Amino acid sequence: MVSVNPFAEFRQECQNILAEALKTALPEAEVETVPMGKPSNPSFGQLASSVSFELAKHLKRKPADLAAQLAKAVDQTRFTLIAKVEAAGGYVNFHVNFDRFSTLTLESIGQLGGEYGFTKTDQPAKVIVEHTSVNPLHPIHIGQARNPMLGDALARILSRRGNQVSRHYYIDDVGRQSSVVAYGYVKLGKPVPDEKADHFVGKIYTITACLVEINRLKRQLEQAKAVQATEDTEKLSRELNEWTTIASELEEKHPQLFKALSEKISQDANPEEEINRLNRAYENGEPQAKQLIREVSDICLEGFRQTQKRVEISYDSWDWESDFVWSSQVSDVLGQLQDSGYVYSEGGVLEFDAKKVVDTQNLRGKLGLRAEQEVPPLTLVRADGTTLYTTRDVAYTLWKFDRAERVVNVIGMEQSLAQLQLKIALYALGYEKQAENFVHFAYNLVTLPGYKMSSRRGHYITFDEVLDEAVKRAFEEVSNRSPQLTEEEKREIADFVGIGAVRYALIDVDTGKPVVFTWDRVLNFETNSAPYVQYTHARACSILRKAARKPQNPAYELLKENLERELVLALASFPDVFVECAEYLKPNMVADYANALADKFNTFYNALPVIKADSTQLADARLALTDAIRVVLSNALNLIGVTAPEKM
RNA sequence: GGGCCCGUCGCCGAGCACGGAUUAAGGCGUCGGCCUCCGGAGCCGAAGACCCUGGGUUCAAAUCCCAGCGGGCCCGCCA
């Protein structure tokens, strides 16, 4: 017999049996669904129901009496996975029949193998997961790296759930900052990168932005002084000071580049003007500007691709924001929004009245907003006629919905308001179904303990650095532990261990909480880390290798130890964990599950011999258990994109 | 000023969406053990938490509601 979800099978049986018992013993009771939960203590069984507490109220009887009556009324002849039903402390406790349950679970895992646990949804959909979408201006830094880790895990999970998933990278090349790099790049005479492309672009961006900012502040300061605006003068001086400090930092770090850029840029009286001109030209789709900015963006993206390849993340589509501007899509959406009646003009600026949409369409309930919560308006178009980021994002979102039924945006929680306004815009345009299938998957930031990360200021640790360091430390670790391996083997292991550790660390924490970056945390190789789970997987593989036989028809009922039964239960509940994490979009659940299973297995491993068990039959049963653990650990790691190695 | 998120042992953190049984999981760190045994990136044990505070709902609250305090983020003709 094979079950895709053994524990659910048991739960269903308990529910049916209890519902029957309710009908026969307490026909006067009205219960819609019978509550069923995991008891705190295994001696109370594997599932327990607290119906009696509910009923006690209505029937005015003691919970303990009701529970006893229900336990008695249970029809034992219909037990298959249940061993016994008992009343205790007012609860009705269900004990699983381990002989049968172990057999069902382990045989199912043996049969389903790499598919075990991945229960398919009955409503498969086309889903677009947009993630990463780092601006092509500088290398991906550790603060941003949480995004692709989560996004990729989500995509893997949703796809395993039976959805048709497409991964999209939104290239945000429209906006002043792209013109800033391009400007610096031209000033330098369009140099060929002499290092990893995105790092190269990042330096040009930071230095150029800094120099331009200083230039701007100086001019503003002079103006302020001229009209004797003391307050402005003070504020501007402070800002100028800050940027001057940054400039000297940059000059020290990259003296040649800094010198070259600073000489070239100082030749322009007003670099800001140049940049704005380029920006407008790009939005208008002028060929020269198009050619230039795409060229710089492509250089940077090439660097991103290298990093992504390294962490085994891929995208099905790279979507250029500029394409939406150049085609009529943005202006079309703008037109539709204006027709909707929720847009007003204020001094030549177009504003979207999100609050009005919420109020007239009665959306507070659907959006989870409080009664009097303010929803600020969104500026759609500047006075000079150019559009803003969120405006363009509306067009992009509709484009996505032409290709999918569901859209998941993996975007930091600092953009919650913009994402909310975007959703409201969908309602305003009459795309109600789309709005409901639009999900902002928000996550909190990764922060550095010392200072604030800022890509504009060049204050960041790059993702590449973190990966390099992780692999380096993993290499030292492997060399210490397994000196007999060849250099080649060590390098390979160091790679998946180091990268796995980083991936796991960025996924493991609840997305609502910020991650404070420390090397110790991200490069953890001990319990509760990818390497720990990987090691456990390799250990299981090693046992199976050593046994060198595939047990035929193992007698699962021989698995009578508590440690073994706990393992069976843990294995049996993997499908539940998977479904839950897919439905509630909680990738960290998978990491936690894998770690907990590894824990249990290691305890078992230390306490009970597998190959050298007392009898061959018992050894066979334990080998089958070990094999099932191998399969499930591998399936779980697969969901979060971590390699499950046979050796390490 | 308004909104969103968060507050659990010295530190980090599960559990909270769906309230349940006087043992609130783990990990790090501290202290003490374990290789005649299948991989010690491991295992076992000890110490450490009135789950931010105060109310409320309930037979039952870490979990739900209200108020407060503390931290992060957002409220731009930036993205």
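Position 380, counted from 1, in the first sequence is what numbering that gives the first Met the number 0 calls 379; the numbers after and before it change by one each time, with no gaps.
Ideal Cβ positions, reconstructed from N, Cα and C, are used throughout, including at glycine.
All values reported here derive from a predicted model rather than from experimental measurement.
Counting only runs of 4 or more residues that sit fully inside the region 124-202, the alpha helix (DSSP H) segments are 141-159 and 175-186, in chain order. Counted as a single uninterrupted DSSP element, the stretch harbouring R309 is not any beta strand (DSSP E) but the alpha helix (DSSP H) occupying residues P286 to R309. One Cα belongs to L558, the other to V609, and the distance between them is close to 11 Å.
Contact between Y395 and F323 holds: their C-beta atoms lie close to 6 Å from each other, under 8 Å.
Its Cα nearest to that of N96, the residue A82 stands out among I213, K471, Y90 and A82.
Following the DSSP letters along the chain, one finds D322 in no beta strand (DSSP E) but inside the alpha helix (DSSP H) bounded by residues E320 to W325. Collapsing the DSSP output to three states places N361 in coil.
Remark: three or more beta-carbon pairs, one from each stretch, lie closer than 8 Å, so the region 428-448 and the region 387-403 are flagged as touching.
Sixteen is the threshold: when 16 or more other Cβ atoms of the shown chains lie within 10 Å of the Cβ of E106, as they do, the residue is buried. Distance check between R564 and each of F603, V514, L260 and R155 places F603 closest, using alpha-carbon atoms only. In this structure, A370 keeps its C-beta atom at 8 Å or more from the C-beta atom of V393. In the DSSP assignment, A441 falls outside any alpha helix (DSSP H) and lies within the beta strand (DSSP E) extending over F437 to Y442. Secondary structure of H94 (DSSP, three-state): strand. Judged by DSSP secondary structure, R405 falls within the beta strand (DSSP E) whose first and last residues are R405 to G411. In chain order, L349, E350 and D352 place their CB closer than 8 Å to the CB of Y343, counting only its own chain and leaving out the 5 sequence neighbours on each side.
In this structure, D197 keeps its C-beta atom at 8 Å or more from the C-beta atom of P270. If you look at A590, you'll find it in the alpha helix (DSSP H) that goes N587 to A606.
Selection T485, V496, L235 and K308 evaluated against V470 yields V496 as nearest (Cα-Cα). Per DSSP, F516 is not a residue of any beta strand (DSSP E), being assigned neither H nor E.
Rounded to the nearest whole angstrom, the CA to CA distance from S633 to K355 is 50 Å. Counting along the chain, no alpha helix (DSSP H) covers V73, and no H or E run does either.
The Cβ atoms of A268 and C209 lie no closer than 8 Å to each other. Per DSSP, A424 is not a residue of any beta strand (DSSP E); the alpha helix (DSSP H) it occupies stretches across S415 to A427.
Following the DSSP letters along the chain, one finds K234 in no beta strand (DSSP E) but inside the alpha helix (DSSP H) bounded by residues T229 to K252.
By the Cβ-count criterion, Y583 is exposed, with fewer than 16 other Cβ atoms from all chains shown falling within 10 Å of its own Cβ. In the three-state reduction of the DSSP assignment, K559 falls in the coil class, being assigned neither a helical nor a strand state. Counting along the chain, no alpha helix (DSSP H) covers T378; the unbroken beta strand (DSSP E) around it starts and ends at L377 to V380.
Around the beta carbon of G457, 16 or more other beta carbons lie within 10 angstroms, which makes this residue buried. The C-beta of K646 has fewer than 16 other C-beta atoms within 10 Å across all chains shown, which makes the residue exposed. About 15 Å separates the beta carbons of I506 and L157, which is beyond the 8 Å limit, so they are not a contact pair.
A Cβ-Cβ contact shorter than 8 Å links I274 with V179. Under the 8 Å Cβ criterion, the region 406-417 counts as touching the region 117-137, having at least three qualifying pairs. In the structure shown, S49 adopts coil according to DSSP, grouped into three states.
Distances from the CA of T385 to each of L421, A493 and L333 were compared; the closest alpha carbon is that of L333.
Annotation: V200 to S177 spans about 11 Å, alpha carbon to alpha carbon. Judged by pairs of C-beta atoms under 8 Å, the region 230-246 touches the region 211-221, as three or more such pairs exist.
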